[in-house]
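Line by line, the protein sequences are chains F and H.
Reminder that position 132 of the first sequence reads as 132 in UniProt numbering, one-by-one numbering, no gaps.
Reminder that position 234 of the second sequence reads as 234 in UniProt numbering, one-by-one numbering, no gaps.
Take a look at the structure set out below.
2 protein chains.
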Amino acid sequence: MASWREQAVARTVDPVRARAEKRVQGFLDAALELLAGESGKDFTVQEVVKQSGQSLRSFYQNFSGKHELLLALLEESVFKTAARLREAIATEPDALSRLRCFTLEYHRLCRPPTRPSSPRSVEILGMAEFAQQLLTDDPKEAARAFAPIFALLEEILDEAAADGAVRADLDCRAVAGAMLQAIMFNSFALVLSGTPVRTRGGDAEALWDLLAHGLTAEGRPVSDGNALLRNRDG
Amino acid sequence: MASWREQAVARTVDPVRARAEKRVQGFLDAALELLAGESGKDFTVQEVVKQSGQSLRSFYQNFSGKHELLLALLEESVFKTAARLREAIATEPDALSRLRCFTLEYHRLCRPPTRPSSPRSVEILGMAEFAQQLLTDDPKEAARAFAPIFALLEEILDEAAADGAVRADLDCRAVAGAMLQAIMFNSFALVLSGTPVRTRGGDAEALWDLLAHGLTAEGRPVSDGNALLRNRDG
DNA sequence: CGATCGCGAGAACCATATTCTCCGATGAGG
DNA sequence: CCTCATCGGAGAATATGGTTCTCGCGATCG
């Protein structure tokens, strides 16, 4: 085989690729800094370029456009988040507890920081708008981007179903989708109900309660951990 | 009282206002046509102007900007939708049936038409993106815009709670918010689960099943009407 | 009749994404 | 060391879409 040719090519190509990836990472980091900054989302390509100390041309050489940058950020964010969630649920004893833990923790990660100075809780935040756009404009890409978290949740659901912790007749795939969207966009629910931005607390538990009593076989006890639901006038 | 002065003023102002409202309606109708057209959302202000046969200046005289046009469209759409839902649930015998009917019907209205040639099912469709933006950028306005539908759902929930058809410890306001967002953005759930665009059918019932078993007291029978849930590999 | 106002036509302006053009630096080959 | 090609930096140019401004005509009102 003529692998010597490949080798020769590789010798020139590899360093180039390495530099390219460093550049890409530079843009990604710059974008993250801007997301973390007070300007929040709505950063412009020019800002990313300036922040990264690189050039506009470099940007469009490494990314086909802003869209691709955002997609890369989203995928990175989802990947890290999935890893973090895996850690978080690792210590839970049974499938139902893991399910609850997943719900509460992911809900927390999808929430804007209570203190604006919170330590870079997640980078997803500014991505929310883009994520929504992707979900409507490019379902295929969106599904791929969220696959890590989705797979994790589906795993847990399958376990729970196998354990008999949740109803056996559930379509785990469909339910995982419903749960993910319910958790990610729970803030919409709060807004729709006119809940002022404070009075935040217990909403994760309320969501879990709603989901759990929909997931749990009728007579079965539920690992609530608390009963924070209160009546409207209470 | 100096109502004669108001009268005098009114005599000049009223026709002006009337013409203004006709103009506004013209822009609204034009926008709806564009939404219905194949170009779908993403219409530009210029297109609306051209379609309406009016002038750009008129537009910015009647609307403070594109944002306000979209807001008006959304409010109109929500209002009509709420009315339609009220009709739809009117014939249902009990609160729980009304709840189920509301869920299925609103889900249907929030769904892109299965046949692209469906008779202008709802105008909300193209508004989805704007609605999301409003929900994140201007919670107060968003809550106001969706108030008609929200109020309707809360009514039904209160009735259901009074009837003992759903758990008594539910915070109806919070649950209404969660239900609305779950229904409106159920398409996100399908996308996240990687469901291809076909295979659509039964997802409204699946959602209702999930919600109902979370809303219904444990041992209580549920007005399912069907049991379309199937296992993933089924 | 004349002044005022509404509004059509469209140019002008601004912000952003995207592309293009020029040019210097760097590194390989002679 | 010299030469040349490629990489990539700086930033001008272009495209699009929202928003504002200017002009002028015609209707309406006093």
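Glycine included, C-beta positions come from ideal geometry on N, C-alpha and C.
- Distances from the alpha-carbon of F:Glu92 to those of F:Phe79, F:Arg173, F:Ala160, F:Glu47 put F:Ala160 closest.
- Only those residues of the stretch 169-181 of chain H whose C-beta falls short of 9 Å from the nearest C-beta of chain F are listed: Asp169, Leu170, Asp171, Cys172, Arg173, Ala174, Val175, Ala176, Gly177, Ala178, Met179, Leu180, Gln181.
- One thing to note: F:Arg23 has its Cβ no nearer than 7 Å to the Cβ of F:Ser64.
- Taking 7 Å as the cut-off, the beta carbon of F:Ala145 is found no closer than this to the beta carbon of F:Glu38.
- For H:Leu69 and H:Lys140, the gap between their C-alpha atoms comes out near 17 Å.
- Rounded to whole angstroms, the separation of the alpha carbons of H:Ser52 and H:Asp29 is 8 Å.
- Between H:Ala182 and F:Gly177, the C-beta gap is not smaller than 7 Å, which leaves the two residues out of contact.
- Check the Cα spacing between F:Cys110 and each of F:Leu211, F:Ala204, F:Ala212, F:His213: the tightest is with F:Ala204.
- Per DSSP, H:Ala168 lies in no alpha helix (DSSP H) segment and is marked neither H nor E.
- Per DSSP, reduced to three states, the secondary structure at H:Phe188 is helical.
- Measuring C-alpha to C-alpha distances from H:Ala95 to each of H:Gln25, H:Glu155, H:Thr44, H:Ala168 identifies H:Glu155 as the nearest.
- For the stretch 129-141 of chain F, the residues whose beta carbon sits under 8 Å from a beta carbon of chain H are, in order, Glu129, Gln132, Gln133, Leu135, Thr136, Pro139.
- Taking CB atoms only, F:Ser193 has a neighbour in chain H less than 7 Å away.
- Scanning its chain for C-beta atoms nearer than 8 Å, with the 5 sequence neighbours on each side dropped, one finds around F:Leu135 the residues Ala142, in chain order.
- Apart from the 5 residues on each side of it in sequence, F:Tyr106 sits with its Cβ closer than 7 Å to the Cβ of Leu85, Ile183 in its chain, given in chain order.
- At a cut-off of 7 Å between beta-carbon atoms, F:Leu210 makes contact with chain H.
- Contact annotation, F:Leu73 with F:Met127: C-beta distance approximately 6 Å; criterion of less than 8 Å satisfied.
- Going by beta carbons, H:Ser77 and F:Ala174 fall outside the 7 Å limit.
- Take the alpha-carbon of H:Ala31 and the one of H:Val45: they are about 9 Å apart.
- Assignment of H:Ser39 by DSSP, reduced to helix, strand and coil, places it in the coil class.
- Closer than 7 Å at the C-beta level to chain F, one finds no residue of the UniProt domain "HTH tetR-type" (21-81) of chain H.
- Between F:Phe185 and H:Phe185 the beta-carbon gap is near 6 Å, inside 8 Å, which marks them as a contact.
- Around the beta carbon of H:Val197, fewer than 16 other beta carbons lie within 10 angstroms, which makes this residue exposed.
- For H:Asp163, the enclosing alpha helix (DSSP H) begins and ends at 139-163.
- The CB of H:Ala162 never comes closer than 9 Å to any CB in chain F; the least such distance is about 12 Å.
- Secondary structure of F:Thr136 (DSSP, three-state): helix.
- At a cut-off of 7 Å between C-beta atoms, F:Phe102 does not count as an interface residue with respect to chain H.
- In terms of Cα proximity to F:Leu180, the closest of F:His67, F:Leu104, F:Val48, F:Glu129 is F:Leu104.
- Interface flag for F:Ala204 against chain H is unset, since no Cβ pair is found closer than 7 Å.
- Taking each of F:Gly40, F:Leu34, F:Tyr60 in turn and checking the Cα distance to F:Val48, the smallest one comes out for F:Leu34.
- Residue-level contact check: H:Ala189 touches chain F, since one or more beta carbons of chain F fall below 7 Å from its beta carbon.
- Using a Cβ-Cβ cut-off of 7 Å, F:Ala165 does not count as an interface residue toward chain H, since no Cβ of chain H sits closer than that to its own.
- In terms of beta-carbon proximity, F:Ala95 stays away from the interface with chain H, with every pair separated by 7 Å or more.
- The closest CA to that of F:Asn62, considering only F:Gln25, F:Phe79, F:Glu87, F:Asp42, is found on F:Gln25.
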